[in-house]
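For the sequence shown, the numbering used here assigns the number 11 to the initial residue and increments by one for each residue that follows.
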Amino acid sequence: MGFSLKTKHIGHYRELAQLLMKYGRSDLVKRAGLEESLAGPAEPDKPVDGVAKPAQQQAQAEASDLAADLERLGPTYIKLGQLLSTRADILPPIYMDALEHLQDDLPPFPYAEVEEIIERELGARMSKLFSDFEVEPIAAASLGQVHRARLRDGRRVAVKIQRPGIQQKMLDDLEALGDVATFLDEHTEKGRQFTFALMLDQFRRSVLRELDYTQEATNLRVFRENLREFPLIVVPAPITDYSTAVVLTMEFVPGVKVTNMSPLRRTELDGEALGRDLIAAYFKQILVDGVFHADPHPGNVFLTDDDRIALIDLGMVGYLSAKMREHLLKLMLAIAEGKGDAAADISMSMGELRPGFDQDTYGREIAQLIAAHQHATVGQTDIGRIILELTRISGENGVRLPPELTMLGKTMLNIDRVAKTLAPHFDVNESIRENAVSIMRKRMLHQASPMNALSTLLEMNDFMQRLPARLNKVLDRVADNELSLHVDAIDETELIAGMQKIANRITMGLILAALILGAALLVRVPSTWNILGYPGVAMILFLAAVGGGVALLYSIWTSDRKPVAKPDA
11 MGFSLKTKHI GHYRELAQLL MKYGRSDLVK RAGLEESLAG PAEPDKPVDG VAKPAQQQAQ
71 AEASDLAADL ERLGPTYIKL GQLLSTRADI LPPIYMDALE HLQDDLPPFP YAEVEEIIER
131 ELGARMSKLF SDFEVEPIAA ASLGQVHRAR LRDGRRVAVK IQRPGIQQKM LDDLEALGDV
191 ATFLDEHTEK GRQFTFALML DQFRRSVLRE LDYTQEATNL RVFRENLREF PLIVVPAPIT
251 DYSTAVVLTM EFVPGVKVTN MSPLRRTELD GEALGRDLIA AYFKQILVDG VFHADPHPGN
311 VFLTDDDRIA LIDLGMVGYL SAKMREHLLK LMLAIAEGKG DAAADISMSM GELRPGFDQD
371 TYGREIAQLI AAHQHATVGQ TDIGRIILEL TRISGENGVR LPPELTMLGK TMLNIDRVAK
431 TLAPHFDVNE SIRENAVSIM RKRMLHQASP MNALSTLLEM NDFMQRLPAR LNKVLDRVAD
491 NELSLHVDAI DETELIAGMQ KIANRITMGL ILAALILGAA LLVRVPSTWN ILGYPGVAMI
551 LFLAAVGGGV ALLYSIWTSD RKPVAKPDA
């Protein structure tokens, strides 16, 4: 499939081409036939104050420029940049750090549009729905904005309204990005290596889920239920009757962002207890429930007025299969215990090995990564960063890890930072070790749920129903002397032949030794019949031993072969 321009996406192509020219390889643009869409060639980077920048500063400047350009291009590209900030296998750390701090803050849209959307979606006038509704939003992001309000029954709520036309705009952006991703996959080595079209398809599904506020309302209910055992963790409840696909109403949780805590408030907190509960709650989400809050950056984690942690904005979640959770638990324990070889083996079993993979090199680099962090101080240990670095090493060495792992690495990176904001000396590795037994117990209880028990009973029922017929067939074969057991082990014929050959040669060797010994003894016996001056009988025995030895060596040289391995069945 070739790359074809769509007229309605010319503007998108121009923007993407400019990005490729500025930050990527210009030959990609030429091969795509996009150079005519550019307003002009990209200007080369200029030195500052007439002095060329060092390589590190140059890279940091380019990374910051890329983040600024993505912010300028709008919501789709901001979300894409946030996704790329988790892909350590694609981007250098400097770019990841820059994209991680992309600002998702936009000016609010007018209150008149807010009122129109709410009344259209909820089917009633504002005065009938709310006793009070603040005109100024408390937050405005690329997808929507949030207003404080009070329901007619007195409950304080937060109302999230989606930006008008944002869904169609993002769909258009994604279509254009899909064209470019397909081209890169078909014409570049990196595209074939990373399959950008598949990555973009996963990104599209994530964005569409985030645009559906009914899905976020479901996420709020699920996480409230899953985390109810953690008293220090709060998830606001959705108000179902006041929520639709573009309007989400949830209970208002008063508090401040964790990063906005005052020094005095920090000294009054039990940060260690909050950090432990936060880490334990995320381990349960990841390793037991299989569904986790995938965007816990400090802006989405609040410290409530009663000193608890509130998780908000649950539009982006990750899902993990049972097998993936099993691998992750082993991987986290290997990292926490500093077992680099085990971490390498587990990551190989999780991923797809590409052509050219070198197991020795890969194992050595993973072991060095784990060892380096084992000797770091508590404040420097960062399990999320380790997971992201592991995905980078894997990508460079031909191991394609599941995309869920990169999302998990970013999630753990944010959680590490939040935990250390609450308690600067919090030891995440120690927390993993402390929670390992609890996690295993919860996993076993989760697997022993009524649904799993029912599934096991159904399988046992099927087994019991089929057992009599299968047993009758076995007994009939036994009665008719037709039962045979096939064991694919050693070839008995070859084994016996080999043993006979060994026995024959041992016997031949003993005979030859006896002839030589007899000849040596008879040499000393006087004889009237001599050969070459020696007793004739002794010389005959000696010559017979020589002939037998030569014959034995010839037989070994010509008939013995290196055994050929049997092909696998």
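C-beta atoms are modelled at their ideal positions from N, C-alpha and C, and glycine is treated no differently. Since this is a predicted model, take the numbers as computed values, not measurements.
* Asked: Quick one: what does DSSP say Leu161 is sitting in, helix, strand or coil?
  -> strand
* Asked: Do the segment 508 to 519 and the segment 534 to 541 make contact, defined as three or more Cβ pairs closer than 8 Å?
  -> no
* **Same chain, Cβ closer than 6 Å to Asp183, neighbours up to 5 away in sequence not counted** => Thr86
* Any idea if Ile473 is buried or exposed, counting beta-carbon neighbours within 10 angstroms, 16 or more meaning buried? -> Here residue 473 is Phe; the residue named in the question, Ile, does not match the sequence. Exposed, because fewer than 16 other Cβ atoms sit within 10 Å of the Cβ of Phe473.
* Asked: CA-CA distance, Lys200 and Gly508?
  -> 55 Å
* Let me know if Ile128 comes out buried or exposed under the rule of 16 or more other beta-carbons within 10 Å of its beta-carbon. => buried
* What residue range is occupied by the uninterrupted alpha helix (DSSP H) comprising Arg427? -> Pro413 to Leu432
* Could you tell me the distance, in whole angstroms, from the CA atom of Trp567 to the CA atom of Gly559? => 12 Å
* Within 9 Å, strictly: CB atoms of Pro248 and Glu226 -> yes
* Asked: Apart from the five residues on each side of it in sequence, which residues of its chain come closer than 8 Å, Cβ to Cβ, to Leu230?
  -> Val245, Pro246, Ala247, Pro248, Met260 and Leu324
* Three or more beta-carbon pairs under 8 Å between the segment 354 to 366 and the segment 399 to 419, yes or no? -> yes
* Asked: How is Gly50 classed by DSSP in three states: helix, strand or coil?
  -> Below a pLDDT of 50, predicted positions are generally treated as unreliable, and Gly50, at 44, falls in that range; no measurement from the model is reported.
* Classification of Pro545 by the beta-carbon crowding that lies within 10 angstroms, buried from 16 upward -> buried
* Asked: Under the three-state reduction of DSSP, which class applies to Pro248: helix, strand or coil?
  -> strand
* Give me the Cα-Cα distance between Pro54 and Lys32, rounded to the nearest whole angstrom. => Because the pLDDT of Pro54 is 47, which lies under 50, any placement of that residue in the model is unreliable, and the question is left without a value.
* To do: Using three-state DSSP, classify Ile541 as helix, strand or coil.
  => strand
* Within the same chain, show all residues whose beta-carbon is closer than 7 Å to that of Glu144, passing over the 5 residues directly before and after it, in chain order. => His157, Arg158 and Ala159
* Asked: Would you say Glu129 faces chain B, with C-beta separation under 9 Å as the test?
  -> Protein chain content of the structure displayed is limited to a single chain, and chain B is not contained in it.
* Closest Cα partner of Gln92 within the set Leu210, Gln177 and Ile322 -> Leu210
* To do: Taking the CB atoms as reference points, tell me whether Leu321 and Phe233 lie closer together than 9 Å.
  => yes
* Would you call the CB atoms of Phe312 and Val257 closer than 9 Å? -> no
* To do: Reducing DSSP to helix, strand and coil, say where Glu45 ends up.
  => At Glu45, the pLDDT of 45 sits below 50, so the modelled position is not reliable; the number obtained from the coordinates is stated separately. Three-state DSSP puts Glu45 in a helix.
* Thinking C-alpha only, which one of Gly408, Met136, Leu398 and Glu110 is nearest Ala122? -> Met136
* Can you give me the Cβ contacts of Asn592 inside the same chain, cut-off strictly under 6 Å, excluding the 5 residues immediately before and after it? => Absent from the structure is residue 592, since the part of the chain shown begins at 11 and ends at 579.
* Arg135 lies in the beta strand (DSSP E); which residues open and close that run? -> Arg135 -> no beta strand (DSSP E), and no H or E assigned at all.
* Asked: Should the segment 363 to 382 be regarded as contacting the segment 345 to 352, the criterion being three or more beta carbon pairs within less than 8 Å?
  -> yes
* Asked: How many Å lie between Glu45 and Ile397 at the Cα?
  -> Note that Glu45 scores 45 on pLDDT, short of 50, meaning its location in the model is unreliable and no value can be drawn from it.
* Got a sec? Which residues, its chain only, sit under 8 Å from Tyr335 by beta carbon, not counting five neighbours each side? -> In the sequence on display, residue 335 carries Arg and not Tyr. Excluding sequence neighbours, Arg335 sits near Ile296, Leu297, Val298, Gly300 and Arg453.
* To do: Mind checking who Leu363 pairs with in its DSSP beta bridge?
  => Val409
* Length of the line joining the Cα atoms of Glu444 and Asp437 -> 11 Å
* Rounded separation between Leu522 and Val535 - CA only -> 21 Å
* Asked: With which residues is Ala320 paired in a DSSP beta bridge?
  -> Val244 and Phe312
* Asked: What's the gap between the Cα of Gln68 and the Cα of Asp75?
  -> 11 Å
* **Spatial distance of Ala344 from Ser141 (CA atoms)** => 55 Å
* **Local conformation of Arg166 per DSSP, three classes** => strand
* **Close beta carbons around Glu414, own chain, < 7 Å, minus the five adjacent residues each side** => Gly328, Leu330 and Met334
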